[in-house]
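In the working numbering, the protein residues as written are 465 to 1439.
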């Protein structure tokens, strides 16, 4: 029995041995799954030393981990996972003059580049995971990225590294003169032994190594240990300028040789500001393979490929569908060719040459050029590739097995021809994307790893591809590494003797197997410990949501491939995932929630399944913001999964009083409207209000919302239209539960605003939206509400007479949840109804563009507005219509606050246990932005909970965009 209490006592960091953390860290972005013994979060190098001492004493292995985005199972294993991303994430020193930086291994690449951008510098290698990958992981995998054509790999920029060796001693790896190396070799230490073994191995096997390593012209290669790179130093040949530097070997070693605690990295000048991207639309893949060689002649900074599969899947992703603006027709593939020059004129000159050259060879049918900020949208679509592929419905998915092979670019067409013939022979389809300019295409055959036959093909494809790679003198891995996926094929690629030298390297550095055992060398069979097991089928229950589009609830959960898009910082915009962004804890990521659900639904630890506390714990901090539905490339909708699980949980364990009361809040408020003054007195009173807060588990710092003196429906029943002029149109207004009872004044202003603009407003017969029930997982209640609303409204609402909503989360329920909640008999009706249910801003912008609402109807007085969008609005619709609507008055300027979730998230932020987290989320961007706004700046937010959070967090009153536009309307001022 291992005594982890001893390690806890000796460390400043955290030691986690609970089952939840074991499940969360059992996978990365690969196809593998194996439970670790524990998870450790070290605070500094001394903690790492304690971990090494503990590992040696107990005969266990340490698995260094950063963002956990590795694709070959590098950070999956039966050991202690040591996660450096939580605490060891500091930039230690920046040397502007000499262009280098010292960092801890947990620093995120894009966060570093944000720090040094003002100095005109950046770290050259740029991975598709740059907004969450850590520099320690990039060193471990020798990452390259889209612009490796210019900047090479991480190895090329790793100057020095401070490491802890397997005996617990510290070493500083750097370039050394020949005499320094010889002196090291004489030292009676593990470090001295490493230098001695390395030099003697290279001296005795130089020719063998050079002969069996990949083509030297291949820039991307990361198979095995890079022992050959040590030969290209002045120690062995004075023709080389570089010093003997063990960092060359450390890069790409996947944490198997030493534990990195500090890195010194080279920085390079920012690229020329004038850029353009040519998106070459190809009719066939072969056209793209050959077209790549044509484009390379013109010295672009990057060429990437996206095939038809990725382009098709992007249509179904809310965020990436918006980035398809440059796609015309249905190309088999698109080559993304990026150019960078000192002027637009020079960029266009090269672009003209490429287009002419392509046409001369008969390659491509459409050559759109993209400039400015739209370039990042093209790259966003390209970077989303892996996630989009995981969103492919069903059990068969494009798998990572041969996704990282690389050959010299001029060999690529021939290699692809052989590869295509192999696929045809095996009856397989494949996805092609990524770094075509450097000869590395991510090739992902579509396989169902729950099927025995496809698991056989999983191995066969790997082995046959390895032989093809050897034939074309390529590398099994260009940047993703070997891990446990490709390790067993290294002898086939390099030969047994060179593989033996790699095994000797591991033993020399780590004789006791302290670091990441069974990776690169001596790996287990590549088809063992897979994430999915043969025969895994869908959940054995009837779900309340319809998951048929995803081929079942389990398939929907398994769309999470672990790529970690949910780990990005708030500094990079977007909303996903609010709780992680505030805490930086892996257990608060979308990925962790999906992994836990998958693990405990397929391997339940209780008979009832839906009573497992680990799932309840990991779902508890999900704010149901819906950001993952759009921002996760794989379309993982944790908010929906949470609601589904909670209802299944209630079915076997009963409904807690707190959830019951919150879900039935509308009914309580409806009763309160009989005597609203009495209801308000009760909730405002310190004693009775305090009792109610305790019943609801609300934070004492929060104020329970009060009722308006009447309901909106009642008010409209007595309202007399003031505009007797021409009727521009008729609209139905959805009097949601918030607007009808609490935010009635906003509803009144909406009606009066539309009246003044010439629209007749009708509140049709309907019930509440069911939003509070959905948020608390009471789907039986929500389903009844949804069905009733669909039946009441389906024959009334049309494109010409839409249903308009004021509160985003309520009206968007018609589009998002209703179609999958009402049942098969009403599904088509719900879909049709949802298309004509518009947010207030969508209606106004539609009418503005049609010329029926005009700027001259509004004031010409100046006003600056800072707008905070609602989470569901950002995810399921867009904040842009609100910005456009508020910009209609000629002298109104609107700035959209780049905030994610406000932190309130309906009842989430009201709850006592979530209050601190809620405020922490608000403090990231929203609160500072609001506090920094001038006295005359108007703060606007469409969400009722957002406005309350802004008031609680800053003391400022935010207005609904409807209120802002109402105040700007000339006719309301005249009246």
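Glycine included, C-beta positions come from ideal geometry on N, C-alpha and C. Being a predicted model, the structure only gives us computed values, none of them experimental.
From the beta carbon of residue i, is the nearest beta carbon of chain B less than 8 Å away?
i: residue 771; result: The structure shown contains no chain B; it holds only a single protein chain.
Under DSSP, the beta strand (DSSP E) around residue i begins and ends at which residues?
i: residue 527; result: 526-529
i: residue 1198; result: 1193-1198
Please list the terminal residues of the continuous alpha helix (DSSP H) segment that includes residue i.
i: residue 1113; result: 1102-1117
i: residue 709; result: Unbroken run through residue 709: none, as it is neither H nor E.
i: residue 1418; result: 1408-1418
i: residue 676; result: 654-676
i: residue 1136; result: 1129-1136
i: residue 839; result: 838-847
i: residue 817; result: 808-825
i: residue 1313; result: 1304-1313
Whose CA, out of the options, lies closest to the CA of residue i?
i: residue 1275; options: 1250, 1301, 1194; result: 1301
i: residue 1327; options: 1372, 1384, 1294, 1399; result: 1399
i: residue 1272; options: 1208, 527, 1203; result: 1203
i: residue 511; options: 501, 500, 1060, 528; result: 528
i: residue 729; options: 738, 723, 712, 740; result: 712
i: residue 786; options: 1341, 1389, 820; result: 1341
i: residue 1130; options: 1045, 1234, 1102; result: 1234
i: residue 883; options: 848, 930, 872, 864; result: 930
i: residue 897; options: 887, 1172, 1093, 845; result: 845
i: residue 1393; options: 1378, 1417, 1406; result: 1417
i: residue 791; options: 741, 1170, 952; result: 741
i: residue 1427; options: 1388, 1349, 1380; result: 1349
i: residue 1218; options: 1185, 477, 915, 1250; result: 1185
i: residue 819; options: 744, 1099, 1010; result: 744
i: residue 1292; options: 1251, 1408, 864, 972; result: 1251
i: residue 1425; options: 1376, 1384, 1389, 1358; result: 1358
i: residue 1166; options: 1419, 783, 708; result: 1419
i: residue 1034; options: 578, 525, 837, 651; result: 578
i: residue 1179; options: 843, 990, 973, 1213; result: 1213
i: residue 645; options: 653, 659, 632, 652; result: 659
i: residue 679; options: 779, 942, 881, 738; result: 942
i: residue 1173; options: 1046, 1192, 1133, 731; result: 1133
i: residue 677; options: 1083, 940, 473; result: 940
How close, in whole Å, do the beta carbons of residue i and residue j come, if the pair is a contact with beta carbons under 8 Å?
i: residue 1353; j: residue 1319; result: 7 Å
i: residue 690; j: residue 950; result: Rounded, the Cβ-Cβ distance is 15 Å, inconsistent with contact.
i: residue 488; j: residue 1050; result: 6 Å
i: residue 655; j: residue 625; result: Their Cβ separation, rounded to whole angstroms, is 13 Å, which puts residue 655 and residue 625 out of contact at 8 Å.
i: residue 498; j: residue 541; result: 6 Å
i: residue 813; j: residue 736; result: Not really, about 14 Å apart at Cβ, beyond 8 Å.
Which residues in the same chain have their Cβ closer than 8 Å to the Cβ of residue i, if we skip the five residues on either side of it in sequence?
i: residue 796; result: 746, 747, 748, 749, 751, 752, 771, 772
i: residue 509; result: 626, 628, 634, 725, 726
If I measure Cβ to Cβ from residue i and keep anything under 6 Å in the same chain, skipping five residues before and after, which residues do I get?
i: residue 1014; result: 857, 1020
i: residue 1113; result: 1074
i: residue 1336; result: 1090, 1272, 1273, 1276
i: residue 1439; result: Caution applies to residue 1439, whose pLDDT of 46 falls short of 50 and renders its modelled position unreliable; the value that the coordinates give is listed next. Around residue 1439: no qualifying Cβ.
i: residue 698; result: 704
i: residue 605; result: 945
i: residue 507; result: 476, 477, 551
i: residue 1355; result: 1324, 1326
i: residue 934; result: 957
Quick one: residues in its chain with C-beta nearer than 7 Å to the C-beta of residue i, no 5 flanking neighbours on either side, listed in chain order?
i: residue 758; result: 821, 822, 825, 827
i: residue 1127; result: 1236, 1237, 1240, 1242, 1245
i: residue 1254; result: 1282, 1286, 1290, 1293, 1294, 1297
Take every Cβ of the segment 677-684, pair it with every Cβ of the segment 902-915, and state whether three or more of those distances are shorter than 8 Å.
yes
Assess, as a yes-or-no matter, whether the segment 718-729 is touched by the segment 589-601 under the definition of 3 or more beta carbon pairs within less than 8 Å.
In short, these stretches touch, since the Cβ pair count reaches three.
Any contact of the segment 653-665 with the segment 967-975, i.e. 3+ C-beta pairs under 8 Å?
yes
Please determine if the segment 1237-1247 and the segment 1195-1210 are in contact, where contact requires at least 3 C-beta pairs separated by less than 8 Å.
With the cut-off at 8 Å, the segment 1237-1247 and the segment 1195-1210 do not touch.
Check whether the segment 918-929 and the segment 859-875 touch, using three or more Cβ-Cβ pairs below 8 Å as the test.
yes
Please determine if the segment 571-578 and the segment 624-643 are in contact, where contact requires at least 3 C-beta pairs separated by less than 8 Å.
no
If contact is defined by three or more beta carbon pairs under 8 Å, each pair taking one atom from either stretch, is the segment 503-523 in contact with the segment 475-490?
yes
I'd like to know if the segment 1089-1106 and the segment 1041-1060 are in contact, where contact means that at least 3 CB-CB pairs between them fall below 8 Å.
Contact between the segment 1089-1106 and the segment 1041-1060 is present, because at least three Cβ pairs lie under 8 Å.
I want to know whether the segment 1363-1382 touches the segment 1145-1163 - three or more CB-CB distances under 8 Å.
yes
Can at least three beta-carbon pairs, one atom from the segment 1186-1195 and one from the segment 1136-1154, be found at a separation below 8 Å?
Result no; under three Cβ-Cβ pairs closer than 8 Å.
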